[in-house]
Each structure stands twice: as structure tokens, then as C-alpha cells.
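Novice:
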Amino acid sequence: MPGIRLFSGNRLEVLIDELAEIFRKPLRSPLHKEIVVVQSKGMERWVSMGLARHLGICANTGFPFPNALLDEMCSRVLGNLPPSSPFDPTILVWKILRVLPECIQEPPFEPLRNYLQGDQLELKRFQLAQRIANLFDQYLVFRPDMVLAWDRGEDRGGGWQPLLWRALTRDCQVPHRARLHQTFVERLQRGRLDIASLPERIAVFGIASLPPFHLKVLSALADHIDVNLFLMNPCQEYWADIRSKRETGRILARVSSGSGAHPEALHLETGNSLLAGLGALGRDFFQLVHEVVAENRDLFVEPGEETLLACLQTDILHLVERTRAERRPISPDDRSLMVQSCHSPMREVEVLYDQLLALFEADPELAPRDILVMTPDINAYAPYIHAVFAAPEDPRLRIPYSIADRSLRREGHIGEALLAILGLPDSRLEVSHLLNVLEMSPIRRRLALTDDDLQQIRGWLAATRIRWGVDADHRERLGFGGFPQNTWKAGLQRLLLGYAMPGRGERTFAGILPYDDIEGSSAPVLGALLEFCGSLFSTAASLGRPRPLAQWAEELDRILNIFLDASSDAEREMQTVRQAIRDLAAKQEGSGFVDDVGIEVVRAHLTQKLESDVLGTGFISGGVTFCAMLPMRSIPCKVIALIGMDDGAFPRQDRPAGFDLMTGEPRRGDRSRRNDDRYLFLEALLSARKTLYVSYVGQSLQDNSAMPPSVLVSELLDVIERGYEMPGKKILDCLVTKHRLHPFSPHYFQGSSGPETAAKLFSYSWENLQASRGLQGIRQPPRPFLDAPLPEPEDEWRTVDLDQLCRFFAHPVKFLLRQRLQIALDEGEDALDDREAFDLDGLERYRVREHLLHRLLTNQNVDVALELERASGRLPHGQIGECRFQSISREVNAFYLDIARHLSRRTLEPVGLELDLGRFRLLGHLDGLTENGLVRFRAARANARDRLHLWIRHLALNAVDLSPVPRQSILAGVDGSWQFEPVPQAREHLNQLLEIYWDGLCRPLRLFPQLSYDYACARREGKSADYAVAVARRNWQGSRAGDHQRRGEGDDPYLDLCFAV
């Protein structure tokens, strides 16, 4: 019997059984391919796995999307068609850019002329062309009759659109989709075709909606081959006439303003309010389907009424609307439907993780593959998913997972790195921005840079004070002053000259101050940095020149070859990006658009291309599947979770263009993003077999105020509250859980002994339990950094340099971690600043003072100090920098005059030091020797470390005979001077210090110089112990003065790591 056969039911599992039964009958030839039309890759995978489960194998089966099927059928019947149509929207956009200048001056195009005024970068023109191209593509599918009328010269009130369409089709020899499909249907209806060119049968599976013209094509095909539709129908009753409250209101408003008919005469029915409110898309689609089907077979299954979720599904199946008078009781232990209100997306994912663990614990048969998690914005939630699921604190609680639907740009690294390079012409080439580009994995891989290399480069860039701009000329072109300081050229020249020759901070070469802290072993890293910067600066200049699309393809391919290297697991991504670049040249050939375009247009095109392309992996891969909420994704799972269901995020709103002709005359079957999302929510509700889980951001991070969920969630909760009850409780209080701001809230660890509101709050996190106990004053001793002392180091560590000993006592814990364990923590020393200095901060002022004081003490020419400071990039530019320098110079000169009494005697040359002290040898040099003894100066307030350093050197001075140098030492700072007298037992004191040093090489020592000094000073002044402790604690913790936070000694990452202070 010719005609379409419809198999409809409320469970896809039953429909796949029926499809498998049909496929058991073999095709006439084993070489022929089965055709199953689906609407998503996820559905393709689910159907293929279902067929394999029933038939033992799923092979030689094609899964085209609806448009691809129609194109293939047209090609088979009408002859070979070109692989790409000039009316493909990705090509049509460039054709529009080509013909629009020819049409824009005509009177009907006045709205477009007004819109495009001031479009200097042509980006607005490109974006307009994209909207027009996408709209024309929609016309071809949903308004083919209108497009065909345009072809005949009829305008139908379309304004400028028919004129533009005819300009686009004027010289085109390839028919567009509406013309092809019309010819195809006419050929089928007249029987003028080779039946052997068609497949034996076609199955359409799990599609929620098709355009009317697609159904017309399928109906025409059904006269010659078997066409079977397998569609999920949420209701077994007749529901074509039900209307949502919103639709009913609109109808009544139109009637009241028109004929005045009585509302009862309209017979407006709501039926089940969930189905009426969420199912408009399916309702209209089934009406269209029933107009073309010849045979209908119902395959409905009773969901039962054991749980709240099953009751909701049953009510929808039977078109039942429960009222408050007919409330059905639900068990308080029912967990089939859960709603979680959280403070942030991160908290949503953390709560989801704990809830899934609870589900696994409650149901031993539940497996990760049985769980599907959907969110409206998978790209926004993916980082939180990785953060929570990738590395759980207990490996035994790891939940395998995969993320599908992530765009190529967000999931991969090649596309993101390419777009970062393409964004350089719009930037000032700030140091932080370029370092971020350099740190991207494809770029660092090309340059063979390790993490240590990047850290070294970061230190170089910070030390040479590079801020932004290639050079003075580049800054001039950007409209800023053409000064060379703090540019890339100035900093890189310092690095290169420092590698070639030492400067010791005292002399320049051609106005360049060599950067001394660079060694011969650093040559490969320096070479890689210079290569990267040179290529990047020339590329940035090249990208600023407009060119045709084909030349842009060549330029972008060159950039890929120069900068990016794909790892073995990113080769597929690299090929996808290269194909996107090659498509630019193909677009020029297919559209005939040969004008020059700027980087802004090319970057926008590539960004959208990489955002729309997905890697196509991660769906139903054995673990929990995270994916986007996309239409046609009604895949059944035991657990379906919907996260990110915030107000405004879902359903998405329709924002048609102001010139969209379809909005003025809507037709049944028109696509609506809002209706698509509503139907998707309904499908998720019906596809969950055991649990439907919903979460949203329902509490403000700022003030904990309530925030509403998606209107769809509210509608669901309204239906539940109206039609169901839990004896003795408010049902919504049992279904909706309001979570706490932090995962370590004590409410999560009270269990059944806590209040009823906290009984639903729980956590599997041991770390959060410890943090919770800390909040309640139940302090657990932190786990020590080292469970036991390290073994003693090798004997060469017993030979100690004097400077090394001073560094140890300045910070014993840092010395242990950095020198012996090779652990370097980020202390903010290499923080990069993109802004040039407009003033000197405290540290930079100190460094300038120390430099000036050093030149005064060593009788060097002070007049060149200004040139040296400018060459270092430390001073602000121009007159401001010179004023700041002169101010500091006056301060240093005053300090120099104040300490002149210590310089009244002759300064001696540094003396070598070599002491045998039992198990140790102490080596080094004593400098600062005068006929007054050992003299040290500090152009700032002397702190505890300064005094400690002087004490160690004072002991070394007293441990050797340096006659006639007196055995006294002096430390002079801006806040006074201190003097140490001769020490007879200096060697014993040094030996004690070396024993402490040896102990500190094996374990972290609780030796804090400034803390100890502050306490000792307070006690020496006669203060009580409690007062001394308070003073020491205040200085340990730091203090705030206005907007400036002064760091205390305790604000230290090394101490945090070892002692959890």
C-alpha cells in the first residue's frame, strides 16, 4: 500500500524495537544501504547502538539529516548536482556582499543604506549579509512558494528583498533548493524517474518537527518506496485542539476585538496544562503528519504511577489535568524529581556530583552511561564540569564522564590560538597579552618551550619592564607619544645585549643597558623568544592589510605553519581548522566575490565558523554524558539532569530580524526557538525513566536574595503543587532544595540528626568536612608538608658560602624548598604590568635609592645614573621621571651626608674567607671593610633580616684575623645605625648557625626573623608577653592603609605550604 506509515509512541525504546523488526527483512541487494533520517549525531549513535543490540550489528546504514536526504534524493533523480550550492548560506553571504553595492542606491534599499552609514570597517555590512543569507535560506525551506514567486517577477510586498534575490539569481545556472524540490516532486508525481535510483526504504526516526515541504517530498517518495516515520508522541489521546493559557488568551483577545463570538462557542481546551504549554511544536507537527500518512500504528506504553515522575508522564499520556481537589498523594521518600537551587554554576556542578554519588549508592544497577546531563550553555559549564569531575579528592569516587557539543574554538587549542593571533592588530601588543599567546600549547609546542622556560621568559619580561608597543614608531602610529622606553624593542635589546656582554647595571651600549641575569645555557630559550616576537610583529603588521579571500587563505595557512604545532591528539582539530581556512578560497570561487576585505571581517567569519563547528565526540561514550540542550535530543536515560535552568537562559527567545517576512504571516510548521526549547523540556521530562534532576542559580552571590528559575521549571512546579501532595508537608519544600553558598557549610554534615531543612543537604567530600569542622571551632591539625625529615644531603652541602648562609637565615623554609627540593612558588615577583609607570612605587624607589647610594659609596659618576635608570625602564617617561629621580637623588645625598662619619676612614678591598668549623667549611668574601670595621648601609629602614645578615658577617669578621680591621660592625639605615661589638666566641656561634642550617636542609624550621625580632623588641622595652605577642601578630598579618595592603611576614606561600599558616 503506497503512502507513509506512521509508528508513534511515548517510548523510543519501543519504536527502536519496531524499526529493528522492519530491518530484519533484508533489502534486495546486500550492497544497498539502509537509510535512517535523524536530526542529531546523538540520536544517530543511540539508534545505531539500539539496532546493533537487536540485530547483532549495525552496518551499511546511513544516517542523513533531513536536508541532506532531500539533496541526495534530488541528485539521484535529477542527475548529478554540484557538491556545493551557490545558495548555501555560507556562500550566499559573500554573493550578497558582491551584489549589494550594485543595488544599494535603488530607492527600495533606503533602510539598508541608513543602517550601513558609518560602516568604515565593513564589519556591519558583513553581519547584515549574514542575516540576509540565513533568512533567505529559511525562505527556501519554509516559504518556497514565495521564493518561486520572486523568480517569476512577483514582489508580494517584499520591499527590497525580491530585488536583491533576483540580483543574486540573475547569472546563476544552478537551481536553488526550492526549485530543485519542486522539480523533484513533479518528477515523482508523474512517475518520470528510474525507480532503481531510489533507496528501497527510508525510515525517519525520533524527529520532533519537519517543514511542511519536507513532508510533501516524503509523501511523494512514499508512492514509490517504503517510507516509515517513527515519532515520539507524548499523548495517546487526540490533542490537536488543546491550547496553552497563553494561546487561549491571544485567541480570546482577537475574538473580543473582532466578531464578538462567545468564548464557549470556540471550544477552547487546555487538556493537560504541561502538554498544552510545552507541546505546541509537536502538536502542530502531528497535525501536518496526519495529513500525509496512509497508515498509523500506535505503540504506547503505560509509565505507571509508582513515582511522581511516572505520574506526570501518565497524566500527559492520557491528557489528564489534576486539580487541587484531585490531588494525588506522593511518598515523602520519592526522589524521582529533584530541583536544586544554588548560588553559582560552580555550585550547581558540585551539588550534581554529590547527588549522582547518592544515586549510585541508592541504586547499585545505575551506571554512569545511564545518565545524561544537559545545559543551555555547555561552553560556559564545561570548565566547571572539568574542575569537579576530572580530579575528585578521592579517586575511588571518580565518575567517568564526557562532554559533547563543545565548539571547536572552546574545546580545542588550535583555533583559539589562531584567533588570538588574528586579534593582534586591534591590540597595543601588551606584554601580558603576548605572553598569554606564547603560553598557548600549540605555540609553545612549536617553539619547544617547557614550563620552566616560560617561567624564565616571564621573569625576563618583568625584569626588563616591557609594557606595550613594538617600538616608538608603533606607538606613534597608535596615536601615542613616540617614546621607546618600555617597548618590546627596548626590552629585547636589553636581553640580547646582556647575553653578549655584561653591564653589571653600570654602563650602557648605544643607550642600551644590558640585562645581566642571563646565561649561556639560556640561549635556546632567548632564541625562541626572539623568533616568536619577530614573527609575531611582522604578522601583526601584515594582518592590517586588506586582501581578497583567496589571499587571506594563503596568509592564514602561513600563520598556521609558522606559529602552531598540533600534538598527536590535536591533529584532527588542525585539519578542521585548515579546512575552514581553505574554505575561504572556495567561498571566493563559489560566490565571485573578489573585493578586498579587512582582518575584522575575516576574524568574525572564522570565529563564527569555529564556534559553530563541534568536534563531534563525547556523546554516549560509556560515562556520564554532558551535552547542550539542543532540539531533537529526546534520548531515553534512567537519569536526565538539566543544569543551568536559570530565568532568561531557557527557553531562548525568538529575535527575528526586522525584515523577516515570515513573522508577518506565520504558518503552521514555522520554526520557533522558543517552541523548540519548550518541546525539548517536555521530551526530557518524558525521556527520564527513573529520575529527572533540575538545577538553577536561585540565590544571589551578593546578598543571597532569591532568583527565579526558568519559566519552564516554574510551570512544572505549579502543576505539581496543584495536582500532587505529600501528607503533612508542602510538596515543593520537599522537591526544591536550597543549597548553601559554600560546599563546606556545616549543614552538609549534620545528616539525619540535623533540622529537616538540612536533612536533604549532604556531601561526600572529606576535605569540606574538615573545613566545616574548622568553621565550628573543631580544628584539626593540618597535615604536615613532610611526614618525616628528609635524609641528610650530600657532603658537598657542608661547604657553605657566606651569602648562601645569609639567604638561608633570611627565609629557611623558602631556602629548603627552592634549593634542595627545587620547588619555586609564585610570589608575585614576576607579575606583568601592561601600563607604563606614571610614578614609582615603594620597591622601585628603594631600588633607585640603592643604586644611587652604591655609586656614591664607590665613588662612581653619579651624573650617568639618570641615563642608567631610564635605560632600565624603571622611571616614568619624560619630565615626570626626571623629577622623581631628582627628588630621590636629594634624599640619597642627604642620607650620604648623614652617614659620612662612618666613611671618614679608608675603605678596604674585599677579603676572601675560608673557615674550617668542625663538620663545615665556610667560604666567601667580606666586603664593606673599612678602618672602622665592617660597615653596611641600607637606603631604607633596617629590618630584622638586615640585622641578621650583618650579625652573620660580623661573626665571620670575628672568626678570622684581619688586623688592623677592628672587629666591630655597623649597620646604617634611614632610621638610625646599629653597632655590633667584638665577639670572642665567634667560631662557636658560627658553628651553631651552621648546625641550624643543616637541620633546616632536612625539615622546615619555624624560624621567622621579623616575628622573632618584633617580639624581642617589645619584651626588651619592658612590655608584657601578651602585649609582645599582639605586636608580633599584627606585624605578621600585615595591615591596610587606605587602598594599600602591606604584606606581613606570614603572607608567604612557602609558609602556607609547609605550616598552613
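First residue of the sequence shown? That's 55 in the working numbering, and the numbers climb one at a time after it. Ideal placement from N, C-alpha and C gives every residue a C-beta, glycine not left out. Remember, predicted model here, so these are calculated numbers, not experimental data.
#1: Return the chain-ordered list of same chain residues with a C-beta closer than 7 Å to the C-beta of Asn-326, the five sequence neighbours on each side being excluded.
#2: When we look at the beta-carbon of Ser-1078 and count the other beta-carbons within 10 Å, is it buried (16 or more) or exposed?
#3: Could you tell me which of Asn-64, Ile-58, Ile-511 sits nearest to Leu-886, measuring between CA atoms?
#4: Asp-637 to Asp-417, Cα distance in whole Å?
#5: Which of the three DSSP states, helix, strand or coil, is assigned to His-979?
#6: Looking only at its own chain, which residues have a Cβ that is under 8 Å from the Cβ of Leu-550, when we skip the five neighbours before and after it?
#7: Tell me which residue opens and which closes the alpha helix (DSSP H) that Leu-146 is part of.
#8: Using C-beta distances below 6 Å, list every residue in its chain close to Gly-938, excluding the 5 sequence neighbours before and after it, in chain order.
#9: Output the residue ranges of the alpha helix (DSSP H) runs that lie fully inside the segment 430–461 and measure 4 residues or longer, sorted by chain position.
#10: What does the alpha-carbon distance come out to for the pair Gln-933 and Glu-484?
#11: Per DSSP, which one or two residues make a beta bridge with Val-347?
#12: Within 10 angstroms of the Cβ of Ala-700, are there 16 or more other Cβ atoms? Answer buried if so, exposed if not.
#13: Does the separation of the CB atoms of Lys-641 and Trp-148 fall below 7 Å?
#14: Just mark Thr-541 as buried or exposed, buried being the case when its beta carbon has 16 or more other beta carbons within 10 Å.
#15: Starting from Glu-968, trace the beta strand (DSSP E) both ways and give me its first and last residue.
#16: Quick check: Ile-256 and Ile-58, are their CB atoms within less than 7 Å of each other?
#17: In the structure shown, what three-state DSSP assignment does Val-524 receive?
#18: Over the uninterrupted alpha helix (DSSP H) stretch that includes Thr-630, give me the two end residues.
#19: I think Leu-269 touches Gly-63, with their Cβ atoms under 8 Å apart; what is that distance to the nearest whole Å?
#20: Measure from the alpha carbon of Met-1118 to the alpha carbon of each residue in Ala-703, Leu-755, Arg-185, then state which is nearest.
#21: How would you call Gln-227, buried or exposed, if buried means at least 16 neighbouring beta carbons within 10 angstroms?
#22: Using beta carbons (cut-off 7 Å, strictly below), is Arg-728 in contact with chain B?
#23: Does the distance from the CB of Ala-925 to the CB of Thr-562 come in under 7 Å?
#24: With distances taken from CA atoms, which of Leu-546, Cys-587, Ala-262 is nearest Ile-572?
#25: Rounded to a whole number of angstroms, what is the C-alpha to C-alpha distance between Ile-70 and Val-101?
#26: Applying the criterion that 16 or more other CB atoms from any shown protein chain within 10 Å of the CB defines a buried residue, is Ala-948 buried or exposed?
#27: Nearest to Arg-78 by alpha carbon, out of Phe-61, Arg-65, Ile-111?
#28: Output the residue ranges of the alpha helix (DSSP H) runs that lie fully inside the segment 772–809 and measure 4 residues or longer, sorted by chain position.
#29: Which two residues bound the contiguous beta strand (DSSP E) that contains Ala-742?
#30: Exposed or buried, what is Leu-840 when buried is set at 16 or more other beta-carbons lying within 10 Å of its beta-carbon?
#31: Near Tyr-193, which residues of its chain fall below 7 Å by C-beta distance, leaving aside the five closest residues on each side in sequence?
#32: How close, in whole Å, do the beta carbons of Gly-260 and Val-68 come, if the pair is a contact with beta carbons under 8 Å?
#33: Quick check on Lys-783: buried or exposed, where buried means 16 or more other Cβ atoms within 10 Å of its Cβ?
#34: Helix, strand or coil for Ser-589, going by three-state DSSP, please let me know.
#35: Do Asp-731 and Phe-704 come within 7 Å of each other at the CB atom, strictly closer than that value?
#36: Just reading off the beta strand (DSSP E) that Trp-1032 is part of, what are its end residues?
Specialist: The short version:
#1: Numbered from 1 along the sequence shown, position 272 holds the residue referred to as residue 326. These residues qualify, in order along the chain: Asp-369, Ile-370, Leu-373, Val-374, Glu-375.
#2: In the sequence shown, residue 1078 corresponds to position 1024, counting from 1. With fewer than 16 Cβ atoms within 10 Å of its Cβ, Ser-1078 is classed as exposed.
#3: Residue numbering aside, residue 886 sits at position 832 when the sequence shown is read from its first letter. Considering only alpha carbons, the answer is Ile-511.
#4: Translated into positions along the sequence shown, residue 637 becomes position 583. Translated into positions along the sequence shown, residue 417 becomes position 363. About 50 Å.
#5: Here the question's residue 979 lines up with position 925 in the sequence shown. The answer is strand: DSSP assigns His-979 an E or B state.
#6: For this step, residue 550 is matched to residue 496 along the sequence shown. Excluding positions up to five away in sequence, the list reads Leu-580, Leu-584.
#7: Within the sequence shown, the letter at position 92 stands for residue 146. It spans 143–157 - the alpha helix (DSSP H) in which Leu-146 sits, taken as one unbroken run.
#8: As a working mapping, residue 938 is identified with position 884 in the sequence shown. With the sequence shown as reference, residue 938 is identified as Arg, and Gly is not the correct amino acid for it. Closer than 6 Å at the Cβ level, and outside the excluded window around Arg-938, lie Leu-894.
#9: With a minimum length of 4 residues, the continuous alpha helix (DSSP H) runs that stay inside the segment 430–461 are 432–443.
#10: On the sequence shown, residue 933 is found 879 positions in, with the first residue counted as 1. On the sequence shown, residue 484 is found 430 positions in, with the first residue counted as 1. In this structure, the CA atom of Gln-933 is about 24 Å from the CA atom of Glu-484.
#11: As a working mapping, residue 347 is identified with position 293 in the sequence shown. Per DSSP, Ile-58.
#12: In the sequence shown, residue 700 corresponds to position 646, counting from 1. According to the sequence shown, residue 700 is Asp rather than Ala. Counting Cβ neighbours within 10 Å, Asp-700 comes out buried, since at least 16 surround it.
#13: Position 587 of the sequence shown holds residue 641. Position 94 of the sequence shown holds residue 148. Result yes, Cβ atoms of Lys-641 and Trp-148 sit closer than 7 Å.
#14: By one-based count along the sequence shown, residue 541 stands at place 487. So Thr-541 counts as buried.
#15: For the purposes of this step, residue 968 is taken as the residue at position 914 of the sequence shown. Taken as a continuous stretch (DSSP letters only), the beta strand (DSSP E) holding Glu-968 covers 965–971.
#16: Counted from its first residue, the sequence shown places residue 256 at position 202. Counted from its first residue, the sequence shown places residue 58 at position 4. Going by C-beta atoms, Ile-256 is not nearer than 7 Å to Ile-58.
#17: Within the sequence shown, the letter at position 470 stands for residue 524. Reduced to three states, the DSSP call for Val-524 is coil.
#18: Residue numbering aside, residue 630 sits at position 576 when the sequence shown is read from its first letter. Unbroken alpha helix (DSSP H) run through Thr-630: 625–645.
#19: Numbered from its first residue, the sequence shown carries residue 269 at position 215. Numbered from its first residue, the sequence shown carries residue 63 at position 9. Not a contact, Cβ separation roughly 19 Å.
#20: Since the first and last residues shown for the chain are 55 and 1115, residue 1118 lies out of range.
#21: Taking the sequence shown and counting its residues from 1, one reaches residue 227 at position 173. So Gln-227 counts as exposed.
#22: In the structure shown, chain B cannot be found, because there is only a single protein chain.
#23: Position 871 of the sequence shown, counted from the start, is the residue given in the question as residue 925. Position 508 of the sequence shown, counted from the start, is the residue given in the question as residue 562. Result yes, Cβ atoms of Ala-925 and Thr-562 sit closer than 7 Å.
#24: Within the sequence shown, the letter at position 518 stands for residue 572. Of Leu-546, Cys-587, Ala-262, the residue nearest in Cα terms is Leu-546.
#25: Numbered from 1 along the sequence shown, position 16 holds the residue referred to as residue 70. Numbered from 1 along the sequence shown, position 47 holds the residue referred to as residue 101. If you take the alpha carbons of Ile-70 and Val-101, they lie about 7 Å apart.
#26: To locate residue 948, count along the sequence shown from 1; it is residue 894. Exposed, because fewer than 16 other Cβ atoms sit within 10 Å of the Cβ of Ala-948.
#27: Translated into positions along the sequence shown, residue 78 becomes position 24. The candidate whose alpha carbon is nearest that of Arg-78 is Ile-111.
#28: 785–789
#29: Position 688 of the sequence shown, counted from the first residue, corresponds to residue 742. Here the beta strand (DSSP E) through Ala-742 covers 742–751.
#30: Counted from its first residue, the sequence shown places residue 840 at position 786. Classification of Leu-840: exposed, given that the 10 Å Cβ count is below 16.
#31: For the purposes of this step, residue 193 is taken as residue 139 along the sequence shown, with counting starting at 1. Closer than 7 Å at the Cβ level, and outside the excluded window around Tyr-193, lie Met-200, Val-201.
#32: If you number the sequence shown from 1, residue 260 lands on position 206. If you number the sequence shown from 1, residue 68 lands on position 14. Gly-260 to Val-68, Cβ: 12 Å. No contact.
#33: The residue you call residue 783 lines up with position 729 of the sequence shown. Label assigned to Lys-783: exposed.
#34: Counted from its first residue, the sequence shown places residue 589 at position 535. Here Ser-589 sits in helix by DSSP.
#35: Taking the sequence shown and counting its residues from 1, one reaches residue 704 at position 650. Taking the sequence shown and counting its residues from 1, one reaches residue 731 at position 677. Going by C-beta atoms, Phe-704 is nearer than 7 Å to Asp-731.
#36: The count along the sequence shown starts at 1 and reaches residue 1032 at position 978. Run containing Trp-1032: 1030–1034, per the beta strand (DSSP E) assignment.
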